[in-house]
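> Sequence order for the protein chains is U and D.
1184 is the number that the working numbering gives to position 149 of the first sequence; each next residue is one higher, with no gaps.
1426 is the number that the working numbering gives to position 256 of the second sequence; each next residue is one higher, with no gaps.
Note that beta-carbon positions come from the ideal geometry of N, C-alpha and C, so glycine has one too.
Starting off with a structure, shown below.
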Amino acid sequence: MSDLADLYQQVILDHNRRPRNRGKLPTANRVAHGDNPTCGDQCSVYLRLDGDRIGEITFDGSGCAISQASASLMTTQLKGKSAAEAEKLYQQFHEIVTTGNAPEEISDIGAFAGVHAFPARIKCATLGWHAALNALKGDPIPATTETHKD
Amino acid sequence: MPTWPNVRADFPVLHQQVNGKPLVYLDNGATSQKPRPVIDALVRYYEGYNSNVHRGLHALSMRATDAYEGARARVAKFINAADPAEVIFTRGTTESINIVARSWGHAHLKPGDVVLATGMEHHSNLVPWQQAAKAAGATFQYVPVLGSDAEGGLDLAALDRLLTPQVKVFAFTHISNTLGTINPATELCRKARAVGAVTVIDAAQSIGHVPLDVRQLDCDFLAFSGHKMCGPTGIGVLYGRRALLDKLAPDETGGGMVVTVNYEGATWKPAPERFEAGTPNVADAIALGAACDYLDALGRDKIAAHDAQLARYAMKHLSDLPGIRIIGPKSGAPRSGLVSFAFEGVHAHDIVTFADEDGVALRGGHHCNQPLMRHLGLTSTTRASFYLYNTEQEIDILVASLRRILKFFGTT
């Protein structure tokens, strides 16, 4: 179970059980929806841009523990960030879930390093991020894990 | 000759460890494993007489043609078709249904007609019919399923209301890949015929699991895949009544399906060649014939009884798990060899990943059945699907694995 214990870290289980910033955001001025067509997982991200900063960000949807915890943790990380900073953070996250190497200065999103041992689950971890980046771009097209690179 | 006590020995892939545990393969609804005689048939063809069929005059081509047409006759016997020409080789169930939906639909559907399916169809027997209805300006309707867990099967009273003379085709699954429901296919065909509708049966989940006789079913078309009945991937069958096939225009055109061609046009061969343009999948058709031999040597009635016993055993032991929601027929009601279930608070994907660590191969997701999932208020379920080589001990391993998962996620 060691790989599994790495995958399902306490911080992930905690976010899955008690998701942060879950629900629609009435004041949102950007929204995007993500689908994982292979499993039916869904994630919508609502955010309010104040100037070039993310003032508020929430998510809702349904899916596995990895997808829900990832979206939840993501909202805590992206609040206050600019679009460029969000993109950079996603690149770091992507590096972590595909290689398993989490830089020391990265704390919470490093919990997803265990995903790299389960390639089929990388799309679960990145679903919410795809939706958030699309929302930031004002992209009206639904994010799908099939047309976006992991 | 395969025999029941030794059946597992016939399947090389079963004898391996996955994540350090003996493989427990419970994803037979997606695809079955292949016995040695089927693998041998492929190797014999490629090593011994690989050649193109029908137009070759040399020895290898004649051998290949005999084996390919022999496989067609073997499949015809397997489903008790009146004539081997009623067996068209395709890539699989999906292509078979698409051929009917396009060729038959294009020729016969018109505005005002109704295309009828059911609320438990796999996308492959749903989307082609929605498309055919749209193309013709016809209306698509479906027979609902009964019960909050779809435990009541098809709503036959609703079917009687829906079956009007406007219904031109009724497409339905023999066995639901998601629920395990066994539909009363003979009765459904009889009701549809009474209003003059053509019947199309998706037999993907039933073909290798229960005795199947197209003349007893009295259906017009029937589709299935080789790979779910111990045969290879990439080969499937469309059965059609000869009288209907001969009136049907080809879906694909090209070599092998024409009689004469000139610069102005072409004339078509009769079925089955009319529907098999290009070089067919010779090797896999021959191996599908070997799969028919294998299953009939064991006896499909005995396979059905084995599946049913495993389903009963699984229902009994899965029902003990706290918080489980099993969809489809209730305990004691007829059910095919599969069980789909969900737990509040643990997603199917997490279950499948954990079970895989215990060597147990399951399916998690919507099972190509999104409308039914919405009806059930679910986004996904976990499915364990059984076949002739599975054992009660393997179900014990599944249940123990699920108990560990529930404990890990703190739901118990």
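Check whether the Cβ atoms of D:Arg1206 and D:Asp1180 sit closer than 8 Å, and answer yes or no.
yes
> Short check: CB of D:Ile1496 to CB of D:Leu1488, under 8 Å?
yes
> Within 10 Å of its beta-carbon, does D:Gly1350 have 16 or more other beta-carbons around it, so buried, or fewer, so exposed?
buried
> Would you say U:Thr1073 faces chain D, with C-beta separation under 8 Å as the test?
yes
> Rounded to whole angstroms, what is the Cα-Cα separation between U:Tyr1043 and D:Asn1220?
50 Å
> Relative to the alpha-carbon of D:Gln1336, which residue among D:Asp1325, D:Leu1286 and D:Ile1352 has its alpha-carbon at the smallest distance?
D:Leu1286
> Between which two residues does the beta strand (DSSP E) containing D:Leu1408 stretch?
Following the DSSP letters along the chain, one finds D:Leu1408 inside the beta strand (DSSP E) bounded by residues Gly1406 to Gly1410.
> What separation, rounded to the nearest whole angstrom, lies between the Cα atoms of D:Ser1231 and D:Ala1367?
42 Å
> For the segment 1517-1537 of chain D, which residues have a beta carbon sitting closer than 8 Å to at least one beta carbon of chain U?
Taking 8 Å as the cut-off between beta carbons, the residues of the segment 1517-1537 of chain D near chain U are His1517, Ala1518, His1519, Asp1520, Thr1523, Phe1524, Glu1527, Gly1534, Gly1535 and His1536, in sequence order.
> Taking the alpha-carbon positions, what's the D:Val1384 to D:Asn1347 distance?
20 Å
> Please go through the same chain and pick out, in chain order, the residues whose beta-carbon is closer than 7 Å to the beta-carbon of D:Asn1198, but skip the five residues on each side of it.
Ser1555, Phe1556 and Tyr1557
> Looking at chain D, which residues of the segment 1151-1164 of chain U have a Cβ within less than 9 Å of any of its Cβ atoms?
Phe1153, Ala1155, Arg1156 and Cys1159
> Please report the distance separating the alpha-carbon of D:Val1188 from that of D:Thr1549.
28 Å
> With a CB to CB cut of under 8 Å and the five nearest residues on each side skipped, what residues in its chain are close to U:Asn1064?
Leu1082, Arg1083 and Leu1084
> Using a Cβ cut-off of 7 Å, which residues of the segment 1272-1290 of chain D contact any Cβ in chain U, in chain order?
none
> Does any residue of chain U bring its CB to less than 8 Å from the CB of D:Met1427?
no
> Need the endpoints of the alpha helix (DSSP H) that D:Cys1462 sits in, please.
Segment Val1452 to Leu1468, the alpha helix (DSSP H) holding D:Cys1462.
> Using C-beta distances below 7 Å, list every residue in its chain close to U:Ala1166, excluding the 5 sequence neighbours before and after it, in chain order.
Ala1067, His1068, Gly1069, Cys1078, Ser1079, Val1080 and Ala1178
> Across which residues does DSSP place U:Cys1099 in a beta bridge pair?
Looking at the DSSP assignment, U:Cys1099 forms no beta bridge with any residue, so it has no partner.
> I want to verify the contact list: residues of chain D whose CB lies under 7 Å from the CB of U:Cys1099, in sequence order.
His1517, His1519 and Asp1520
> Could you give the DSSP three-state label for D:Tyr1559: helix, strand or coil?
coil
> Quick check on D:Ser1294 - is its C-beta less than 8 Å from some C-beta in chain U?
no
> Spell out the partners DSSP gives D:Ile1496 in its beta bridges.
D:Phe1511
> Does the segment 1238-1251 of chain D come within contact of the segment 1305-1312 of chain D, defined as at least 3 CB pairs closer than 8 Å?
no
> According to DSSP, is U:Tyr1043 part of a helix, a strand, or is it coil?
coil
> Look at U:Asn1242 and U:Thr1111 and say whether their C-beta atoms are less than 8 Å apart.
Residue 1242 of chain U cannot be examined here, being either before or after the span of chain U that is shown, 1036 to 1185.
> Among residues of its own chain, excluding the 5 on either side of D:Leu1131, which ones have a beta-carbon nearer than 8 Å to its beta-carbon?
The structure shown does not extend to residue 1131 of chain D, since chain D is modelled only from 1171 to 1582, so the question has no answer here.
> List the whole-angstrom C-beta distance separating D:Ala1277 from D:Ala1302, where the pair is believed to meet the contact cut-off of C-beta under 8 Å.
That belief does not hold up - the Cβ atoms of D:Ala1277 and D:Ala1302 are roughly 11 Å apart, past 8 Å.
> How is D:Ala1447 classed by DSSP in three states: helix, strand or coil?
coil
> Which class does D:Phe1578 belong to by DSSP, given the choice of helix, strand or coil?
helix
> Mind pulling the chain U residues with CB within less than 9 Å of D:Ser1501?
In chain order: nothing, as chain U lies at least about 27 Å away.
> In three-state DSSP terms, what is D:Ala1306?
DSSP places D:Ala1306 in helix when its eight states are reduced to three.
> When Cβ atoms are compared, which residues of the segment 1538-1560 of chain D fall closer than 8 Å to chain U?
Gln1540, Met1543, Thr1549 and Ser1550
> Using the rule of at least 16 other Cβ atoms within 10 Å of the residue's Cβ for burial, across every protein chain shown, is U:Asp1186 buried or exposed?
This structure leaves residue 1186 of chain U out entirely; chain U is present only between 1036 and 1185.
> Can you check whether the C-beta of U:Leu1039 is within less than 8 Å of a C-beta belonging to chain D?
yes
> Could you tell me how far apart the beta carbons of D:Asn1441 and D:Asp1416 are, in whole angstroms, since I believe they sit closer than 8 Å?
Looking at the sequence provided, one finds Ala at residue 1441 of chain D rather than Asn. That belief holds up - the Cβ atoms of D:Ala1441 and D:Asp1416 are roughly 6 Å apart, short of 8 Å.
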